[in-house]
Amino acid sequence: MNDLLMYPAYIDGKDVEHPEGRYVHTVTARAVLEDTMPALALKRDLDAGLADPRRAGPSVVGGCALADDRMATEALEAAARAAPEWARVPLTDRVEIGRRIGERLREKRDEIVELLVAEGQPRDLAGPTLDEYWRADFSMETLTFCATQMRSTKHRGCGGYAVVRRVPDGVVCVNPPQNASTPNALFGATALLAGNAVVIRAPRGVPLATTHALREVVVPVLEEAGAPTGVLNILCGPPMTDLWLESPHVNDIVYVGGSAKGLEFERAAVAAGKKPVLELAGNDCVVVWADADLDAAAAAITENFRQSGQICNIPNHVVAHPAIADALLDRLVKAAAATKPGYPDEPGVVLTPVLMADKHFADIADAVRRGAKLLYGGRRLEVDGTPSGTGFFVEPSVLRIDGLDLARRTPAVREETFSPLVPVVVPEDHDGLFDEVLEFVGSNRYGLRNSFWVKDERLINAITAGVTTGGVVNVNDSHSAFRPFLPTHGGTGLTGGVFGEANYLMLRTTRLQGVNVKRGGAR
């Protein structure tokens, strides 16, 4: 994009600037990778007001106004004022708004992709991710399903009537993560369709694509529909969860982050009388059985390499039937060797810099000490693929772990690694192996997604009947893809907390209410 995009905060339907005119600027990921220190110094000077973004060159694509506490409080007050009027808008009208948001998202897709690439997401991932989001969260299949769940059920008799309905919670605050801010902000916007007013905080590290998507996609549709001002407020600033917890205006908080801090937040939210909706870590398992399509299974497993494993809904470990384990591992090693780093605007690139590279290597070393075999990977890489002790990237890595007992003792299997690491567990064959594998999958403390590759219909029926953990169970399909009608978010255990389940935000940010009406004093 050629034009410099500068977005004030959006509060109560108006542009609002920081009192000192402060902005958070976006310097392209390519510039940072090409010459790190000068690019970071430029960003520092821009954010401090020491440089003019209009004269900073093509590596600067825009900025978002920094919000202070006063602005954050004003956003909550505006949302609280708008919520009652917005809740009275008929559900059918709000569903139509959701459909139009999906249409406009498709229209604005390419310009949002350019900003996602500027912020560091590989082009080969940015476009398909947006496509999947509108097909899932804003498809008529999903919108119609959620609307059906929300519609009132009426019972007549005894001189009156009774209604059971879902009503909006009120004000919903959304805290999207830096690793997938724009898709999660769009997911957060679906709370609007339930009749809630929404406040979304774009993270300071990557605010521009998120703000642009909300300002150029969601806001115009709301304005065209005559929605009350304040129904959507968009800020960029430091973490605001403490302010949200303390505010009397806030009803729900959508928190996306790691499990340890997320579960602490859950306790704090309940203590403050807020509903927590948690999207925490994932440690997803893929089971590949003896009769599986190995090429398709390997393609699904290597979704682990997307964004270098730094997204939650990717495969984290594999259980491979011993009859096909060697053939599957051969495919995975070849795929890992063919996956190279590069600039995010280059075709074929899916890897991104790894923020916790030291942990990646520590996970590998620990697994090897316990008895695992490193079949590929284990090196830092420069952007051109050259091995380097200081590179921002790491090689996709494949481990072989023999036996479920060893897997149960290996943190690289039992915990989220958040890096391009695929531990493949090869159990010993015996008559009850399938049941043991199902028990192993069910013992996972996390619960985002699970995938199975198997052709035997009897086993498929056992999977669909017996695997009850996780927000989504996939059989013979992409592990991480989002599909119309199915939930895109949510899970159990360390993924979703005490109240965890598959998350349709239209439903999670509403509550059941019963209404009883008697006519003319009837008893």
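Numbering (UniProt numbering), first residue to last: 1 to 523. Quick reminder that beta carbons are idealized off the backbone N, C-alpha and C, glycines included. Model, not experiment: these values are computed from the prediction.
8 Å or more divides the Cβ of M506 from the Cβ of A213.
In the same chain as F434, and ignoring 5 residues on each side of it, the C-beta atoms closer than 8 Å to its own belong to W289, L459, A462, in chain order. When DSSP states are grouped into helix, strand and coil, W453 belongs to the strand group. DSSP places I364 inside the alpha helix (DSSP H), whose first and last residues are 357-370. Residues A481, F482 of the same chain have their beta carbon placed closer than 7 Å to that of E132, with the five preceding and five following residues left out of the count.
Counting the other Cβ atoms within 10 Å of the Cβ of K518 gives fewer than 16, which makes it exposed.
Runs of the alpha helix (DSSP H) spanning 4 or more residues and lying entirely within the segment 427-452 occur at 433-442, in chain order. For the 8 Å CB-CB criterion, L280 and L494 form a contact. Judged by DSSP secondary structure, R166 falls outside any alpha helix (DSSP H) and instead within the beta strand (DSSP E) spanning 160-168. Taking each of D284, P176, V219, A209 in turn and checking the Cα distance to P238, the smallest one comes out for P176. For the 8 Å CB-CB criterion, P207 and V24 form a contact. With the rule of 3 Cβ pairs closer than 8 Å, the segment 379-389 counts as touching the segment 332-344. Per the C-alpha coordinates, the member of F393, L406, A336 positioned closest to L375 is A336.
With respect to V437, V287 sits close: the two C-beta atoms are nearer than 8 Å. The alpha helix (DSSP H) runs lying completely inside the segment 88-123 and spanning 4 residues or more are 91-107, 109-118, given in chain order. Residue environment: R70 is assigned as exposed (fewer than 16 neighbouring CB atoms within 10 Å of its CB, all protein chains considered). Between A209 and G389, the alpha-carbon positions lie close to 32 Å from each other. Per DSSP, P411 lies in no beta strand (DSSP E) segment; the continuous alpha helix (DSSP H) that holds it begins and ends at 411-414.
Around the beta carbon of S59, 16 or more other beta carbons lie within 10 angstroms, which makes this residue buried. The three-state reading of DSSP puts Y504 in coil, since its state is none of H, G, I, E or B.
Taking the Cα positions, A75 is about 51 Å away from L294.
The Cβ neighbour count for D284, taken over all protein chains shown within 10 Å, is at least 16; the residue is labelled buried. Rounded to whole angstroms, I253 and V467 show a C-alpha spacing of 29 Å. Assignment of beta-bridge partners to P423 by DSSP yields L399. Here V288 carries a strand assignment [DSSP, helix/strand/coil].
Looking at the DSSP output, T26 shares a beta bridge with G62. Counting only runs of 4 or more residues that sit fully inside the segment 172-227, the alpha helix (DSSP H) segments are 181-189, 208-213, 219-224, in chain order.
Annotation for D12: A78, T229, G230 place their beta carbon closer than 6 Å to its own, counting only its chain and skipping 5 residues before and after. One alpha carbon belongs to F361, the other to L404, and they sit about 22 Å apart.
Counting the other Cβ atoms within 10 Å of the Cβ of D363 gives 16 or more, which makes it buried. When only Cα atoms are considered, A180 and N313 end up about 11 Å apart.
Here I311 carries a coil assignment [DSSP, helix/strand/coil]. Per DSSP, the beta bridge partners of E279 are V256.
Along the length of the segment 458-486, whole beta strand (DSSP E) runs at least 3 residues long occupy 472-475, reported in chain order.
Collapsing the DSSP output to three states places D52 in coil. A contact between stretches requires three or more CB pairs, one per stretch, nearer than 8 Å, and the segment 397-414 fails this requirement with the segment 263-280.
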